[in-house]
Amino acid sequence: MSKYQRTKGANYEREVANLLTDELGTVVKRNLSQTRGGETEGSDITVGRWSIECKRRKSIAIYDWMAHSYRDWE
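The sequence shown begins at 179 in the working numbering and counts up one residue at a time.
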């Protein structure tokens, strides 16, 4: 993954976290440990019981994304 792609992803995660913070009235932050552990470990943002994967793409492989989400949930 290129530096541009990592930066793009991190910026979008921050954008989503800031939107959630504004809407929920509680501080929401990115899960930095998942980036250190590899891109298949953990979720981008966790809010209570909710695990949020942030994707800013023109298209997405929905079945791969769902499998990732299910693995995180188990």
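Virtual Cβ for every residue (Gly too), placed ideally from N, Cα, C. All values reported here derive from a predicted model rather than from experimental measurement.
Cutting at 8 Å between CB atoms, please list the residues of its own chain near residue i, excluding the five before and the five after it.
| i | result |
| --- | --- |
| T224 | N209, I230 |
| W243 | E231, K233 |
Tell me where the beta strand (DSSP E) around residue i begins and ends.
| i | result |
| --- | --- |
| V194 | Unbroken run through V194 is the alpha helix (DSSP H), 181-202; no beta strand (DSSP E). |
| V225 | 223-225 |
| S229 | 228-230 |
Can you name, in chain order, every residue of its own chain whose Cβ lies under 7 Å from the Cβ of residue i, other than the five neighbours on each side?
| i | result |
| --- | --- |
| G220 | N209, S211, Q212, D250 |
| G226 | none |
Out of the options, which one is the CA nearest neighbour of residue i?
| i | options | result |
| --- | --- | --- |
| E191 | T204, K233, R227 | K233 |
| V194 | D222, M179, K181 | D222 |
| K207 | A245, K236, N196 | N196 |
So who's on the other strand from residue i, going by DSSP bridges?
| i | result |
| --- | --- |
| R249 | Note: R249 sits in no beta bridge, so no partner. |
| R208 | I223 |
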